[in-house]
Amino acid sequence: MPVARVSDESHRVTTFELFFDLVFVFAFTQVTGFMAHEHSFHGVLQGMIILGLLWWSWVSFSWLANQTHVDEGLMRFGLSAVMVAVFIAALAIPEAFADFAGGLDGPLVLAVSYVVIRILHVALYAHAAGDDQPLRRQLAKMTAAMVLGSILIITGAVVNGPAQIWFWVAGLLVDCGLTFLTSRRGDWRVHSAAHWTERFGLIIILALGESIVAIGVGASQEPVSVPILLGAAAGIMLSLGLWWLYFDVTAIAAEHRFAALRGPARASAAVEAYTYLHLPLVAGIVLSALGVEDVLAHVEDTEGFGALGATALFGGTALYLLGNTAFWRRVGGEWKTWRLGAATLLLVLIPVAVHIAPLAALALIVVVVAALVAVESLRYATSRTAIRTSH
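Going by numbering that gives the first Met the number 0, the letters in the sequence shown line up with residues 0 to 390, in that order.
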């Protein structure tokens with residue numbers, strides 16, 4: 000069997016990787032739809048668990064794609080099989096915790112699909128590692144965590160009922176937690192900083208794209224009216240603000256810092272800043288999308304927004320800001336105090352948002368995010384220009 004071609008610093012994201020990501024767009028949309036349908040805090044918790052499974056699936060292949068050229072030979076066929084498994088898992092998301100009558104067992108379909116994805120990842124990575132013995136030892140540690148986690152995920156699907164959620168949480172914690180403990184000072188390889196940072200920028204874009212789809216889904220359920228148009232416009236403005244807070248400066252500056260690292264220091268930053276600290280960013284976007292969709296579903300209501308919608312919208316955006324700040328703290332070594340302050344303000348405003356009209360709540364959060372963008376752009380104008388012109 001031909002040896003997989005190892006990447007180097009010049010490696011960039013390929014169109015095949017972009018195509019691969021499309022199934023995750025559908026999966027993210029399914030997660031938002033699942034939570035909207037359940038419309039409960041318990042349903043949100045279940046949705047976040049599903050998102051965790053999807054994230055761990057996606058991020059695992061981001062490591063593989065940096066190790067080798069995944070658009071060639073065996074890798075292309077392997078990732079094609081993974082796409083099928085992810086799509087099947089996404090189709091089963093509405094039945095993730097409650098099987099529909101008539102048909103295959105929904106929770107088991109999702110669980111088996113996840114395990115297949117993880118097994119394919121390990122097999123393909125082992126092939127890509129070639130004769131790199133330290134990397135192969137690192138893979139062996141990850142495989143042990145994967146096996147233990149997969150057993151818990153499958154067990155949860157078989158047991159079903161109230162215990163399923165605990166088995167799945169335990170499975171995720173074992174798989175992700177043990178991998179983290181063995182990876183911080185491990186022997187992973189990040190051959191191309193540009194490829195790595197671009198992959199994670201793209202998943203943020205895809206999550207934001209899903210949020211825009213959620214706006215469209217929410218708006219399409221109601222006749223076109225002035226409140227619908229105002230709500231849709233506000234939703235787009237919120238998505239734009241979230242994009243700005245990541246891509247305008249933070250992502251560029253982080254790429255510069257990350258590219259300057261070498262060897263274990265780069266791998267450690269890749270594990271902590273990107274593999275783990277980007278999950279709060281994606282989760283925050285998905286939750287805020289759920290909140291916007293809830294606004295548009297009740298856009299003409301004059302009664303209070305309610306606890307679920309307010310928490311999803313304001314809490315999700317706050318989570319995004321906190322994740323954004325923690326990410327920059329790990330890569331840049333500094334706390335973004337304005338973002339911490341804005342996140343705190345959004346959390347404080349949740350009780351207020353509960354009791355005001357949905358459209359007013361959306362307008363309020365847009366004002367907060369827009370003010371944050373404006374303050375940072377003005378206060379750090381000189382450094383912002385320097386960073387953007389050096390890119």
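Where a beta carbon is used, it is the ideal one built from N, C-alpha and C, also for glycine.
I'd like the list of long-range same chain contacts for A231, defined as Cβ closer than 6 Å, with 5 residues on each side in sequence excluded.
I214 and A218
Sequence-distant residues of its chain with Cβ nearer than 8 Å to F60 (five each side left out):
F19, V69, L78, V81 and H120
Any idea if G102 is buried or exposed, counting beta-carbon neighbours within 10 angstroms, 16 or more meaning buried?
exposed
DSSP state of T301, grouped into three classes?
coil
Look at the alpha carbon of A162 and the alpha carbon of L244, and state the distance between them as a whole number of angstroms.
39 Å
Counting pairs of beta carbons, one from the segment 305-313 and one from the segment 220-227, are three or more of them closer than 8 Å?
no
For a quick check, are the C-beta atoms of E271 and R329 less than 9 Å apart?
yes
So, are the CB atoms of D174 and G148 less than 9 Å apart?
yes
Give me the Cα-Cα distance between L44 and L371, rounded to the nearest whole angstrom.
29 Å
9 Å Cβ cutoff met for Q220 and A127:
no
In chain order, what are the residue ranges of uninterrupted alpha helix (DSSP H) at least 4 long that sit wholly in the segment 263-316?
278-296 and 306-309
Please state whether DSSP places H255 in a helix, a strand or coil.
helix
Should Q132 be labelled buried (16 or more other beta-carbon atoms within 10 Å of its own) or exposed?
exposed
So P106 and F99 are supposed to be a Cβ contact under 8 Å. How far apart are they, rounded?
Contact flag wrong, Cβ pair sits at about 11 Å.
Provide the residue span of the alpha helix (DSSP H) that contains Y124, from first to last.
G105 to A128
Going by the CB atoms, is the gap between F27 and L205 shorter than 9 Å?
yes
Do T343 and K335 come within 9 Å of each other at the CB atom, strictly closer than that value?
no
Shortest alpha-carbon distance to E333 belongs to which of Y275, A252 and R387?
A252
The alpha helix (DSSP H) spanning G176 covers which residue range?
A162 to S182
Give the single residue among G200, I349, I386 and S191 whose Cα lies nearest to the Cα of W242.
G200
P133 in three-state terms, based on DSSP:
helix
Of all the options E254, T274, L229 and L73, which has the alpha carbon lying nearest to the alpha carbon of V365?
L229
Beta-carbon contacts of E236 that lie in its chain and below 6 Å, excluding the five residues immediately before and after:
The residue you asked about is not Glu; residue 236 is Met in the sequence shown. Result list for M236: V365, in chain order.
Measuring alpha carbon to alpha carbon, tell me which residue in A110, D130, L123 and D186 is nearest V157.
A110
Quick check: the Cα distance between Q29 and T310, rounded to an integer number of angstroms?
20 Å
Classify Y379 as helix, strand or coil using the three-state DSSP reduction.
coil
I'd like to know whether the C-beta atoms of V108 and L90 end up nearer to each other than 9 Å.
yes
Through-space distance from V24 to V85, alpha-carbon basis
11 Å
So, for Y273: in the same chain, excluding its five sequence neighbours on each side, which residues have a beta-carbon less than 6 Å away from its beta-carbon?
F199
Quick one: is R261 buried, meaning 16 or more other Cβ sit within 10 Å of its Cβ, or exposed?
exposed
Given the structure, does H255 come close to the ligand FAD, in the sense that its CB is under 8 Å from one of the ligand's heavy atoms?
Questions concerning the ligand FAD fall outside what the structure shown contains, since it holds no ligand whatsoever.
If we ignore side chains and look at the alpha-carbon of each, how far apart do E254 and E299 end up?
43 Å
Closest to T178 by C-alpha separation, out of R387, A282, A88 and K140, would be which residue?
K140
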